[in-house]
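Visitor: First to last, the sequence lines map onto chains V and X.
Under numbering that gives the first Met the number 0, the first residue of the first sequence carries the number 0, and numbering increases by one thereafter.
Under numbering that gives the first Met the number 0, the first residue of the second sequence carries the number 0, and numbering increases by one thereafter.
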Amino acid sequence: MFNSLILGAGFNTGDILYQLFAFIVLLALLKKFAWGPLMGIMKDREQHIANEIESAEKNRKEAEAYLNEQREEMKRVRQEAQTMLENQKQMADQKGQEMIEAARLEAERLKEAASADIARERETAVASLREQVASLSVMIASKVVEKELDERSQQKLIDDYLYQAGGQK
Amino acid sequence: MEHHAPTTDEILGLTFNLSNVLMITIASAIVFILAVVATRSLAMRPTGLQNFIEWVMDFVKGLIGSTMDWQTGGRFLFLGMTLLMYIFVSNMLGLPFAITFDHNLWWKSPTADPTITLTLATMVVVLTHYYGVKMKGAKEYGKGFFTPMKFLFPFKLIEEFSNTLTLGLRLYGNIFAGEILLGLLAGLGAAGIGGALGAFLPMLAWQGFSIFVGTIQAFIFVMLTMVYMAHKVADDH
């Protein structure tokens with residue numbers, strides 16, 4: 000059994016040619032209809048993926064650069080804000096200092112004016128007091144003089160006048 | 000159980016085993032239809048059969064890549080893919096059933112015939128010589144027979160023939176043996192109730208094993224094709 004399939008027994012030259020023919024035809028057909036297009040799409044995909052990777056890489060680099068730029072900008076802005084804040088603070092400090100100084104000067108001025116006023120007032124008061132004292136003392140003196148003159152002085156005066164009159168004679 | 004091949008009388012000095020002619024045609028048609036259907040709607044994002052056929056392509060690419068660099072090996076991609084699919088389909092054809100008609104065996108694996116496998120093997124070896132001359136020049140090609148030692152020439156010569164024989168007969172032997180055992184088990188199964196019960200499990204196991212063997216043999220055939228090719232066309236070796 001199967002003797003027809005054993006090597007040599009079934010050596011059919013036609014089969015050889017037919018197999019060759021069939022395989023070559025199959026190869027040609029597949030090349031045209033299947034492998035060619037398949038190869039094409041796989042190459043396309045490879046290209047596509049390569050492009051995608053490239054663009055992704057580019058995008059990543061761009062994003063990184065942008066991020067760095069933003070970071071720098073942020074730093075700069077923060078610094079600026081810091082300096083502005085400091086300036087502001089300094090200015091406010093200065094202003095406060097100035098205001099305090101001005102207030103102090105004003106107070107000084109007011110105090111001086113007040114003390115000058117007080118001195119002047121005292122001066123006038125003293126002057127008027129002196130005046131009054133003088134007039135009062137004159138008044139008192141005149142009263143006293145008047146009183147003493149009335150008895151003894153009149154006598155003396157009379158005596159004096161009498162003396163003088165006698166002497167002249 | 001007596002099986003004969005449906006052989007014709009001489010036509011133009013050639014004899015045809017019509018069963019082989021039939022099965023070669025069927026195997027070729029199946030491969031062609033499978034490949035064309037798989038590559039009908041090609042998309043950047045592969046789906047379904049396209050995935051499968053791309054896997055085949057990558058697989059053969061890997062086979063070629065493991066034996067020679069892509070610059071020289073790229074041209075053998077289509078040959079490798081066609082060989083792989085054709086031999087695989089051929090190996091599988093004989094598995095599910097064998098059809099005999101009028102004591103003639105019609106349906107079988109075309110690769111279960113040494114004529115067919117040796118034809119394929121010879122074709123491959125002739126191609127290696129062709130590409131060897133074409134890509135390295137006749138002088139370099141001739142030199143290949145005398146390296147590394149001059150006295151190795153006879154062995155190198157014998158090697159070419161033994162390569163052809165082993166390449167073809169390995170495939171034939173594996174597939175033919177598988178089919179014989181399947182045929183015997185089928186005969187046992189058809190003998191009676193007991194036979195059917197007894198043959199069922201071995202049949203199952205052997206069919207599974209035959210699928211494995213058929214796949215491995217297709218792979219080995221293509222692998223060796225690329226190895227022989229690399230031997231002839233690559234600069235190092």
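Backbone N, C-alpha and C define an ideal beta-carbon position, used for all residues, glycine too.
May I have the straight-line CA-CA distance separating Tyr129 (chain X) from Gly136 (chain X), to the nearest angstrom?
Guide: In a straight line, the C-alpha of Tyr129 (chain X) is about 10 Å away from that of Gly136 (chain X).
Visitor: List the residues of chain X whose Cβ lies closer than 8 Å to the Cβ of Gln18 (chain V), in chain order.
Guide: Going along chain X in sequence order, the residues near Gln18 (chain V) (Cβ under 8 Å) are Asn19, Ile23, Pro109, Thr114, Ile115, Thr118 and Leu119.
Visitor: Go ahead and label Asn50 (chain X) buried or exposed: buried means 16 or more other beta carbons lie within 10 angstroms of its beta carbon, across all protein chains shown.
Guide: Looking at its Cβ environment, which holds fewer than 16 other Cβ atoms inside 10 Å, Asn50 (chain X) is exposed.
Visitor: Ordered along the chain, which non-local residues of its own chain (more than five positions away) have a Cβ less than 8 Å from that of Ile63 (chain X)?
Guide: Counting only Cβ-Cβ distances below 8 Å, and skipping sequence neighbours, we find Trp69, Gly72, Gly73, Phe75, Leu76, Gly79 and Met225.
Visitor: For Asn50 (chain V) and chain X, any beta-carbon pair shorter than 7 Å?
Guide: It does not; no Cβ of chain X falls within 7 Å.
Visitor: Quick check: what's the CA-CA separation for Ile117 (chain V) versus Arg108 (chain V)?
Guide: Spanning the two alpha carbons is a distance of roughly 14 Å.
Visitor: Pick out whichever of X:Thr163, X:Gly191 and X:Ile174 has its Cα sitting closest to the Cα of Ser209 (chain X).
Guide: Nearest C-alpha to Ser209 (chain X): X:Ile174.
Visitor: For Asn50 (chain V), which of helix, strand or coil comes out of DSSP?
Guide: Asn50 (chain V) falls in the helix class under three-state DSSP.
Visitor: What does a CB cutoff of less than 7 Å around Val221 (chain X) pick up in its chain, not counting 5 residues either side in sequence?
Guide: The residues are Val59, Leu62, Gly79, Leu82 and Leu83.
Visitor: Please report the straight-line C-alpha distance between Asn67 (chain V) and Ala49 (chain V), rounded to a whole angstrom.
Guide: Between Asn67 (chain V) and Ala49 (chain V), the C-alpha separation is close to 27 Å.
Visitor: Exposed or buried, what is Met148 (chain X) when buried is set at 16 or more other beta-carbons lying within 10 Å of its beta-carbon?
Guide: Under this definition Met148 (chain X) is an exposed residue.
Visitor: Answer yes if the stretch 162-176 of chain X comes into contact with the stretch 113-120 of chain X, meaning at least three C-beta pairs across the two stretches below 8 Å, and no otherwise.
Guide: As far as the Cβ criterion goes, the stretch 113-120 of chain X touches the stretch 162-176 of chain X, which means the pair count is three or higher.
Visitor: Please confirm if Asp21 (chain V) has its CB atom under 7 Å from at least one CB of chain X.
Guide: It is Ala, not Asp, that sits at residue 21 (chain V) in the sequence shown. Closer than 7 Å: yes.
Visitor: How should Glu120 (chain V) be labelled, buried or exposed, when 16 other C-beta atoms within 10 angstroms of its C-beta is the threshold for buried?
Guide: It is exposed - the Cβ of Glu120 (chain V) has fewer than 16 other Cβ atoms within 10 Å.
Visitor: Expressed to the nearest angstrom, what Euclidean distance is found between the alpha-carbon atoms of Ile23 (chain X) and Phe160 (chain X)?
Guide: Near 25 Å, if we compare the C-alpha coordinates of Phe160 (chain X) and Ile23 (chain X).
Visitor: Tell me, please, which residues DSSP counts as bridged to Ile98 (chain X).
Guide: According to DSSP, which records beta bridges pairwise, Ile98 (chain X) is partnered with X:Trp106.
Visitor: Check whether the Cβ atoms of Gly131 (chain X) and Val232 (chain X) lie closer than 7 Å to each other.
Guide: Going by C-beta atoms, Gly131 (chain X) is nearer than 7 Å to Val232 (chain X).
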